[in-house]
Amino acid sequence: MSTVSRRAFGKFLRQIREGAKVSGLSAGLHIETSKQTLLRLEDGIPTKIATAQIGQLLDLYKVAPDVRSEALRLWGEVREQAKQDKLQGNSKGFWQPYADQFASHFPHYLRLEAAANCLTAHQLVLVPGLLQTADYRRALARLEVPGLSAVNVERRIELAERRQVRLTDSGFRTDVLLSEAVLRHRPGTPAVMAAQLRWLAEVGNRDNISVRVIPFETGPHRGLAIQSFHMLEFPRLNGGLVEPTVVYLEGAVGALYHEQADVVARYQEAISALRAVALSEDDTRDLVSRVAKEYEA
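In this text, residue positions in the sequence shown follow the numbering used here: the first is 87, and each later residue adds one.
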């Protein structure tokens, strides 16, 4: 929950600053830090900011007493959650030992994934990371970084397996919508692909996981225009605050995080359109199992 609390506080603080018409640069200078640090704070990313500096920002923004009280209450939640995370050994995130194995933008996604209670993924090319088998992930690692050492390949597998612990959490819902192309693309050998598809068919039987395929025969559909994405939704915070849904788009050299209501609404409409043309879960299992047999032939 620490990521959710941080993002709720950061969003609230940004709204106050923008309402006061103070630039990020000016706010950063006022508390003797950089604009980048101030913006990271507002984005919900852990930063080295003291409670006294939060008070100085609220003074700068000339907030009303009730707004100040609410801001400090939210900040108190962030501090308390951070303290609990530290006591439990979670303050740095399980991914930190593997930081040299992923892009600089990815820790933010991992924080969001760890805090979310619902993930919807649409993929046109590859099996989503949370549902990849170890051998499929190994094949991808070697494609991504030719010549990657065996040790670092296995470290990437370890990271993937630690992420996949979330799949055993009944409070975490995963809905996956796949183009049939995902079943046909072959980052690994036929044996690797057969095992990956059999795992997809199996894991889709869990109550908190749905896997549905959009077959080629569907023809033109919204997913071809919307491309691949992940949508993350979060549990309601104490006090009834609602954390904004985030749409994550990953590229070859960077990523985009969208939480503007109009943008999220477009992706929600796309998800509805995809669900309308996707095979049922049972029919998906039949198709996935059939393709797995083709790889085994």
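For every residue, glycine included, the Cβ atom is placed at its ideal position computed from N, Cα and C. Only a predicted model underlies this, so the values are computations on that prediction, with no experimental measurement involved.
State whether the stretch 205–216 contacts the stretch 250–270, with contact taken as three or more CB pairs (one from each stretch) at a distance under 8 Å. yes
Strictly by DSSP, which residues pair up with A317? Residue mapping note: residue 317 aligns to position 231 of the sequence shown, counting from 1. As written in the sequence, residue 317 is Met, which differs from the Ala given in the question. The partner list for M317 (beta bridge, DSSP) reads T206, V333.
On the DSSP bridge assignment, give the partners of R259 in chain order. Taking the first residue of the sequence shown as 1, we reach residue 259 at position 173. Paired residues: C204.
Proximity below 8 Å, CB of Q356 to CB of Y195: Reading the sequence shown from its first residue, position 270 is the one you call residue 356. Reading the sequence shown from its first residue, position 109 is the one you call residue 195. For clarity, residue 356 is Ala in the given sequence; the question names Gln instead. Taking 8 Å as the Cβ cut-off, A356 and Y195 do not qualify as a contacting pair.
Status (buried if at least 16 other CB within 10 Å, exposed otherwise) for L226: The residue labelled residue 226 in the question sits at position 140 within the sequence shown. Its Cβ being crowded by 16 or more others within 10 Å, L226 is buried.
For G175, I'd like the list of residues in its chain whose CB is within less than 7 Å of its CB, leaving aside the five on either flank, ordered along the chain. As a working note, residue 175 is residue 89 in the sequence shown. Note that G175 has pLDDT 48, beneath the 50 cutoff, so the model's placement of it is unreliable and the number below is only indicative. So the list is empty, once near-sequence residues are dropped.
Who pairs with S296 in a beta bridge, going by DSSP? Locating residue 296 in the sequence shown gives position 210, where the first residue counts as 1. For S296, which the question treats as bridged, DSSP gives the partners D261.
What does the alpha-carbon distance come out to for the pair L111 and T137? Counting from one through the sequence shown, the residue named residue 111 turns up at place 25. Counting from one through the sequence shown, the residue named residue 137 turns up at place 51. Their backbone Cα atoms lie some 19 Å apart in a straight line.
Tell me, to the nearest whole angstrom, how far the beta carbon of V164 is from that of R92; I am working on the premise that it is less than 8 Å. Here residue 164 is taken as the residue at index 78 of the sequence shown, counted from 1. Here residue 92 is taken as the residue at index 6 of the sequence shown, counted from 1. Contact flag correct, Cβ pair sits at about 5 Å.
Over what stretch of residues does the beta strand (DSSP E) that includes I341 continue unbroken? For this step, residue 341 is matched to residue 255 along the sequence shown. Position check: residue 341 holds Ala in this sequence, whereas Ile was assumed. Its beta strand (DSSP E) spans residues 341–344.
Pairwise C-alpha distance: L127 and F95: One-based indexing of the sequence shown puts residue 95 at position 9. One-based indexing of the sequence shown puts residue 127 at position 41. Going from the Cα of F95 to the Cα of L127 covers about 9 Å.
Determine the contact status of L212 and P273, defining contact as a CB-CB distance below 8 Å. Indexing the sequence shown from 1 puts residue 212 at position 126. Indexing the sequence shown from 1 puts residue 273 at position 187. For L212 and P273, yes; Cβs fall inside 8 Å.
Assuming the contact rule is C-beta atoms closer than 8 Å, I312 and A364 should be a hit. Round their C-beta distance to whole Å, please. Mapped onto the sequence shown, residue 312 falls at position 226. Mapped onto the sequence shown, residue 364 falls at position 278. No, I312 and A364 are not in contact; Cβ-Cβ is about 14 Å, not under 8 Å.
Measuring only the C-alpha atoms, how far is Q101 from V332? Position 15 of the sequence shown, counting from 1, holds the residue named residue 101. Position 246 of the sequence shown, counting from 1, holds the residue named residue 332. Each residue's Cα considered, the two are about 18 Å apart.
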